[in-house]
Amino acid sequence: MIHLFRMVDKIMKQHELSWKITAQYKNQEIKAFLQEQGISRRALSAIKFTGGFIRVNGIEQNVRYRLQEYDDLELLFPPEQENEQLVKEPIPLMIMYEDEDLFIVNKPTGMNTIPSRQHPTGSLANAIAYYYEQIKLASTVHIVTRLDRDTSGLVLIAKHRHAHHLLSQMQKKGEIERFYEAFAGGMMEKDIGRIDEPIGRKLDSIIEREVRSDGQKAVTRYKVIQTTSSFSYVKLKLETGRTHQIRVHLAYIGHPLLGDDLYGGKRTLINRQALHCQQIKLTHPITQENLSIQAELPEDMQELLNRESL
742 MIHLFRMVDK IMKQHELSWK ITAQYKNQEI KAFLQEQGIS RRALSAIKFT GGFIRVNGIE
802 QNVRYRLQEY DDLELLFPPE QENEQLVKEP IPLMIMYEDE DLFIVNKPTG MNTIPSRQHP
862 TGSLANAIAY YYEQIKLAST VHIVTRLDRD TSGLVLIAKH RHAHHLLSQM QKKGEIERFY
922 EAFAGGMMEK DIGRIDEPIG RKLDSIIERE VRSDGQKAVT RYKVIQTTSS FSYVKLKLET
982 GRTHQIRVHL AYIGHPLLGD DLYGGKRTLI NRQALHCQQI KLTHPITQEN LSIQAELPED
1042 MQELLNRESL
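Right, here's the structure in full:
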């Protein structure tokens, strides 16, 4: 059993971890122990060459030191370099969950996750950079899950490089669950379905994707919550995370998202793709706490649902 204590020093701007070593780790090298805790080789190299330290009982040690029962092991990560090209903007953030390692925000529609050539400012990343300055946290903006500009809902952000590494590994293994709510045009033939079709870039476009035999594996599950005269209100779960996955898959089965004119959706009822990331579920990579964060439908989707349900 390991007793783990955590701290982010917002004044010193460095992230720190510490452990009380128990009998099961007696005589294990620090390097092996830290790798078991998910500390990457890259992080250990950065600690050695760019700042930070490894200490045992207050004395600096290298990774070959063999741990003993009751040792106090401290790990201080190097300070992260801020992206000087990223403009800090005082844009309000709707924070749904936050701790020392990560936070989850509810992104509004019309906001890029990160800056683009067409929209260099006004993004979620710009807002986060300003927020970090206010709380005196010098960290690169580590966005774990992204949403399209016109998709609303929950976005997961790591507060430091170590959390980003752990969350990225979880994402690759499918251990971060994301659930979406959407309005799909027409009436779905099945109330519950699974779309397993590979997605790749459309050859004549740098933006569009399409179902194609040489694409990457993509799996989307859906369940119809409610039907109206104009659309099906569906809940979806991603098993993979391909670009435009939900948009492409729903268009492929003949039910493009309302408002998604890129993939054949009509804009008569709503002027953006009616897609919202409603829930994120994960096991916290450091505390092992089970997190389930939800965000209600945004105003434009809720108003449309109320109007069409009358």
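In the numbering used here, the protein residues as written are 742 to 1051. The beta carbon of each residue, even a glycine, is placed where N, CA and C say it ideally should be.
Residue nearest to residue i in terms of C-alpha spacing, selected from the options
i, options, result
"ALA764", "ARG807, LEU785, GLY792", "ARG807"
"GLY1000", "PHE972, GLU841, GLN1019", "PHE972"
"LYS976", "LYS914, ARG858, LEU1016", "LEU1016"
"GLY779", "LEU1032, SER880, HIS1025", "HIS1025"
"ARG805", "LEU907, ILE771, ARG1008, PRO833", "ILE771"
"GLU1040", "LYS914, SER893, ALA904, GLN875", "SER893"
"GLU930", "TYR974, GLY863, THR791", "TYR974"
"GLY941", "ASN824, THR881, GLY982, LEU758", "GLY982"
"ALA784", "ALA870, SER864, TYR872, LEU758", "LEU758"
"LYS767", "GLU1030, GLN986, ASP813", "ASP813"
"MET852", "ARG887, SER954, ILE917", "ARG887"
"ILE917", "VAL885, VAL965, ILE936", "VAL885"
"LEU907", "GLY926, ILE762, VAL965, THR1028", "THR1028"
"ILE936", "HIS996, GLN912, GLY926", "HIS996"
"ILE823", "GLN809, ALA870, MET835", "Correcting the residue type first, residue 823 is Glu in the shown sequence and not Ile. The residue with the shortest Cα to Cα distance from GLU823 is ALA870."
"GLY956", "HIS860, GLN967, MET928, GLN986", "GLN986"
Cβ separation of residue i and residue j, assumed to be a contact under 8 angstroms, to the nearest whole Å
i, j, result
"ARG919", "ILE1021", "6 angstroms"
"ILE855", "ALA868", "ILE855 to ALA868, Cβ: 11 angstroms. No contact."
"LYS829", "GLU874", "6 angstroms"
"SER850", "ARG1008", "Correcting the residue type first, residue 850 is Thr in the shown sequence and not Ser. Actually they are not in contact, since the Cβ atoms of THR850 and ARG1008 sit about 14 angstroms apart, beyond 8 angstroms."
"PRO819", "ALA879", "So it is not a contact: roughly 11 angstroms between Cβ atoms."
"ARG858", "HIS883", "Not confirmed; about 22 angstroms, so no contact."
"ALA1036", "MET837", "6 angstroms"
"VAL965", "ASP932", "5 angstroms"
Residues bridged to residue i [DSSP beta-bridge criterion]
i, result
"SER1033", "LYS1022"
"GLU918", "LYS1022"
"PHE924", "TYR974"
"TYR963", "GLY934, LEU977"
"SER893", "HIS1017"
"ILE836", "VAL846"
"ALA899", "LEU843, HIS883"
"PHE790", "The partner list for PHE790 (beta bridge, DSSP) is empty, contrary to what the question assumes."
Own chain partners of residue i with C-beta closer than 7 angstroms, once the 5 adjacent residues on each side are dropped
i, result
"THR969", "GLU1049, SER1050"
"GLU938", "VAL952, ALA959, HIS990, TYR993"
Contacts around residue i, its chain only, beta-carbon distance under 6 angstroms, and the 5 residues preceding and following it disregarded
i, result
"GLU801", "PHE794"
"GLU815", "SER759, ARG796"
"TYR963", "GLY934, VAL975, LEU977"
"ALA787", "PRO819"
"THR791", "PRO819"
"HIS905", "HIS883, ALA899"
"TYR1004", "ARG988, ALA992, PRO997"
Own chain, CB closer than 8 angstroms to residue i, minus 5 neighbours either side, in chain order
i, result
"LEU1038", "GLU922, HIS1017, GLN1019, LEU1046"
"SER1033", "GLN1020, ILE1021, LYS1022"
"PRO833", "ALA868"
"ARG782", "GLN776"
beta-carbon residue i near the ligand FAD non-hydrogen atom, thresh 7 angstroms
i, result
"GLY863", "Among the components of this structure there are no ligands whatsoever, and the ligand FAD is therefore not found."
Any 3 or more C-beta pairs closer than 8 angstroms across the stretch 1035 to 1048 and the stretch 939 to 953: The stretch 1035 to 1048, when compared against the stretch 939 to 953, does not touch it at the 8 angstroms Cβ threshold.
Three CB pairs or more closer than 8 angstroms across the stretch 832 to 845 and the stretch 893 to 901: The count of Cβ pairs closer than 8 angstroms, one atom from the stretch 832 to 845 and one from the stretch 893 to 901, reaches three, so the stretches are in contact.
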